[in-house]
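Notes for the one structure printed next.
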Amino acid sequence: MSQTEFFVPSRTSQLFARAIVPNAPRTTNGRIVVFVLSHGLLDNIDAPMFRHIQQTLCTLSIASVAFDFHGNGRSTGTTSYGNYHDEADDIANLVQYLHSVGIPNTKRVFVIGILAHSKGASSMMLFATKYAHLCPSFLVNLSGRFWLAREITMRWTQENQRQLRETGKFLWRRYGAKPTKSNGAIITGSEQRLVREYWISMSDMAERAGTDMGVVQMLPLHRTFVLNIMGSKDQIVPDDDVWEYDRLMRMAAPHADRVVTRIVPGAKHFWNNQRELEALDRSLVRWLTTVLPKIGL
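By my numbering, the letter at position 272 of the sequence shown is numbered 290, and the numbering carries on one by one without gaps.
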């Protein structure tokens, strides 16, 4: 197994990525097959979950590239609350880069799948419809939100709401090398190397609320398989979100086997303990061993 860290240039930033390639990776048409991994809100690829998933894929002889969205982790740039379409562009930029340039010191690669968590999962769905020609064979939606206009109860304090009314924005948290907990919110992932300020504005909230995830009906399901996974004790995303994804995808899918939805008993949103990760492994590996042969792998 080899590990390589590198930056991918994008239109406005440099995206930090980590590739893990097994010693004898699977290939298709002479190219190493790769899964892309993307994180959720203010998270990064140093979160234990992403390192764990990369190791799991490695045991299946599948290479993986996890990356930080712009404004997160070790990537440059700034992020915002409602920039789902911008993050979809990040995914497209990475996929195109991997297909044309590849992983440093590795022969050519081909992206066969994307696994994305939380906000990143919603961005992945937007990518897969906006850039259908780049959509890979497999999409794994891990704890993704469907109704983006619906906020988490008590996410904003009364002071946050007052500042929003009076000034049109508020500082939600500082995150990075010394992250702070604001409003009792959970900071996930590993400590980052740069302290950043995360502001919420009226326009950010409007952009998020106006993002329509119903576009999943336009996924290229004639050639793509989707796995939706959610924890039964997810404290961030209600379970009816995953079932709405499931319903709309099944309506559009030409065959029932194109969409699989799994609820993992006892698992929460961040998948940050060993029991949850092992349960995630079982769901992911069981699904992959079923669908990989369908594309000749």
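Note that the Cβ used here is the ideal one computed from N, Cα and C, for glycine as well.
It is roughly 21 Å from the alpha-carbon of R49 to the alpha-carbon of F243. Comparing C-alpha distances from G131 to each of R241, T124, M267 and H287 shows the shortest one belongs to R241. The residue from G314, T96 and L189 with its alpha-carbon nearest to that of S28 is T96. Taking C-alpha positions only, Q176 is separated from R126 by approximately 52 Å. Boundaries cannot be given for K125, as no beta strand (DSSP E) includes it and DSSP labels it neither H nor E. Per DSSP, the continuous alpha helix (DSSP H) segment holding W261 begins and ends at D257 to A270.
Residue burial annotation: R92 is buried, with at least 16 other C-beta atoms found within 10 angstroms of its C-beta.
A106 and E184 have their alpha carbons spaced roughly 32 Å apart.
DSSP lists L189 as the beta-bridge partner residues of W217.
The Cβ-Cβ distance between A84 and F68 falls below 9 Å. Leaving aside the five residues that flank K251 on each side, the residues in its chain whose CB is nearer than 7 Å to its CB run, in chain order, G284, A285 and K286. The criterion of a C-beta distance shorter than 9 Å is satisfied by I80 and L306.
In this structure, the alpha-carbon of Q181 lies about 43 Å from that of V278. Contact annotation, M267 with V234: C-beta distance approximately 6 Å; criterion of less than 8 Å satisfied. Per DSSP, the beta-bridge partners of H135 are L160. Taking 9 Å as the cut-off, the Cβ atoms of L298 and I247 count as close. Nearest to H135 by alpha-carbon distance, out of P66, L237 and T46, is P66. If the five residues before and after F145 are omitted, its C-beta is found closer than 6 Å to the C-beta atoms of A106, I109 and A110, all from its own chain and listed in chain order. When only Cα atoms are considered, V119 and T94 end up about 20 Å apart.
For secondary structure counted as the alpha helix (DSSP H) over 4 or more consecutive residues, the region 48-134 holds these complete runs in sequence order: 66-77 and 102-118.
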